[in-house]
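Beneath this line is the structure, given in structure tokens, with notes to follow.
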Amino acid sequence: MSLHVMATLTSSDYLLTSTNQDGKCALHEAVQALQCEVSQYLIDRGTPVDVLKRADWTPLMLACTRSNNVSMVKLLLQNGARTDLRNKDGWTPFHICTRKGNLESLKILLAHDPFLLNTKSYNGRTPLHTAAIHGHSEIVRFIVSACRLNGQLVNAQDSCGSTPLMDAARFNSVECCDILIGHGAAIDKRDGVGRNAFHIAAQAGSTEVIRYFLGVMGASVKKTNSIESRLDNYKASTKNTRNGNDVHVNTVHWRTDNGQTVLHLAAREGHVDTVKYLLSIGANIEVKDCENYTAMDIARRYKNDQILETLNEHRDKTLK
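Counting from 1, position 146 in the sequence shown corresponds to residue 147 in our numbering; the numbering is continuous, with no gaps.
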């Protein structure tokens, strides 16, 4: 929108903050349209730089949703936009950058306010959780490397007890998992119901992450800790489903608070490929949870017929 048109529209002050059905005023629209000159004009005319639209979104938050909006982010910050405000979900502009994968805007925000790394949404998620959930490995790497995070923040838990590593495992991002583990993330950290990242991967059907975790644990037994060593072990585990390593057998029988193993969780969710892989590395179909259910009982209870067939075939083979 041209400036002479804006001058006409803003001849009355009420037009500066009047809103549409989405709760947006002219500044919100100008920011989303990448109109820096118009945005500056509206601010100069008196529009509050942190004016809220519906769901408590500020113009800066809207600017952070666009990967090509670095100039707008800078303009709003130069005009005093606050980086610590939260929308109805508890997201700051920094959370939104990590969610959208906007690394350049994220760098600008962090330079403006280094404490943004520690902010949490209303469900307790840090920006690192958010980046892991969305698989933005470049942002995960930037946060843990450039900002030199300690293990405590890498292993931060949200309101459900989930860590960034659990979130990366849930969404099958081997690369994010590797970056996090390389900076101190713990596979065996547990959430509010006793699940660790290995359990989460099985429940989500993230078979590639399970393979990777087994490779990592094999590497730790051999006292190797470089990223290259971890990835080499992961690649080896994808070629050899069962290598006799006791780490595999012990790991597949880790239990949650209600006594369920990774096989129980994968069977419940119907992840056939994951169940097959777990069986190939030694998962025991006879293990019972606290309610006396085996993985077969769970599959039957949730009517996962293909899982039940897979487990029955495995049992028949082992009985021969």
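Beta carbons: idealized from backbone N, C-alpha and C, even for Gly.
Proximity test, residue i beta-carbon vs the ligand ZN heavy atom, cut-off 7 Å
{"i": "SER138", "result": "Of ligands this structure carries none, so the ligand ZN is not represented either."}
Within 8 Å, strictly: CB atoms of residue i and residue j
{"i": "THR208", "j": "LYS190", "result": "no"}
{"i": "LEU35", "j": "MET62", "result": "no"}
{"i": "CYS98", "j": "LEU110", "result": "yes"}
{"i": "ILE144", "j": "LEU118", "result": "yes"}
{"i": "ALA133", "j": "CYS177", "result": "yes"}
{"i": "HIS315", "j": "LEU280", "result": "yes"}
{"i": "ASN124", "j": "GLY91", "result": "yes"}
{"i": "VAL273", "j": "ILE299", "result": "no"}
{"i": "LEU323", "j": "ALA198", "result": "Residue 323 is absent from the model: the chain starts at 2 and stops at 321."}
{"i": "ASP114", "j": "THR84", "result": "yes"}
{"i": "HIS1", "j": "ARG171", "result": "In this structure the chain extends from 2 to 321, so residue 1 is not present and cannot be described."}
Buried or exposed by the 16-neighbour rule on C-beta atoms within 10 Å, applied to residue i
{"i": "VAL194", "result": "exposed"}
{"i": "ASP168", "result": "buried"}
{"i": "ARG269", "result": "buried"}
{"i": "THR295", "result": "buried"}
{"i": "SER19", "result": "exposed"}
{"i": "CYS65", "result": "buried"}
{"i": "PHE116", "result": "exposed"}
{"i": "THR262", "result": "buried"}
{"i": "ASN259", "result": "exposed"}
{"i": "ARG302", "result": "exposed"}
{"i": "THR319", "result": "exposed"}
{"i": "HIS5", "result": "Legend: pLDDT at HIS5 = 48, less than 50; position of this residue unreliable, no value from coordinates given."}
{"i": "ASN1", "result": "Since the first residue shown for the chain is 2 and the last is 321, residue 1 is missing from the structure and cannot be characterised."}
{"i": "VAL23", "result": "A small correction: the amino acid at residue 23 is Asp; Val does not occupy that position in the sequence shown. Burial call: exposed."}
{"i": "SER106", "result": "buried"}
Expected contact under 8 Å - CB spacing of residue i and residue j to nearest Å
{"i": "GLY77", "j": "VAL50", "result": "Checking the sequence shown, residue 77 turns out to be Leu, not Gly. Confirmed, about 6 Å."}
{"i": "ALA205", "j": "ASN156", "result": "Going by Cβ atoms, the distance from ALA205 to ASN156 rounds to 19 Å, so no, they are not a contact pair."}
{"i": "MET218", "j": "THR257", "result": "Not a contact, Cβ separation roughly 18 Å."}
According to DSSP, residues forming a beta bridge with residue i
{"i": "TRP58", "result": "LYS54"}
C-alpha distance - residue i paired with residue j, whole-angstrom precision
{"i": "GLN33", "j": "THR59", "result": "11 Å"}
{"i": "ILE211", "j": "SER138", "result": "18 Å"}
{"i": "CYS26", "j": "ARG55", "result": "10 Å"}
{"i": "LEU266", "j": "VAL141", "result": "27 Å"}
{"i": "LYS121", "j": "PHE214", "result": "27 Å"}
{"i": "ASN88", "j": "THR311", "result": "47 Å"}
{"i": "ALA202", "j": "ILE188", "result": "11 Å"}
{"i": "GLU30", "j": "THR127", "result": "28 Å"}
{"i": "ASN285", "j": "GLY162", "result": "27 Å"}
{"i": "SER160", "j": "ASP317", "result": "43 Å"}
{"i": "THR93", "j": "LYS108", "result": "14 Å"}
{"i": "LEU43", "j": "VAL71", "result": "19 Å"}
{"i": "MET297", "j": "THR131", "result": "35 Å"}
{"i": "ALA186", "j": "GLY102", "result": "21 Å"}
{"i": "ARG196", "j": "ARG46", "result": "54 Å"}
{"i": "GLY216", "j": "CYS37", "result": "50 Å"}
{"i": "GLN158", "j": "TYR278", "result": "29 Å"}
{"i": "ASN305", "j": "ILE180", "result": "35 Å"}
{"i": "GLY283", "j": "HIS96", "result": "40 Å"}
{"i": "THR48", "j": "ASN69", "result": "24 Å"}
{"i": "CYS291", "j": "LEU28", "result": "57 Å"}
{"i": "ASP192", "j": "HIS200", "result": "10 Å"}
{"i": "GLU287", "j": "VAL175", "result": "30 Å"}
{"i": "GLN79", "j": "GLY183", "result": "36 Å"}
{"i": "ARG67", "j": "VAL276", "result": "40 Å"}
{"i": "ASN313", "j": "SER146", "result": "47 Å"}
{"i": "LEU264", "j": "LEU129", "result": "29 Å"}
{"i": "THR242", "j": "GLY271", "result": "Caution is warranted here: a pLDDT of 45 is assigned to THR242, below 50, making its placement in the model unreliable, and no coordinate value can be reported."}
Neighbour flag for residue i against chain C, beta carbons, 8 Å
{"i": "MET218", "result": "This model lacks chain C altogether, as it is built from one protein chain only."}
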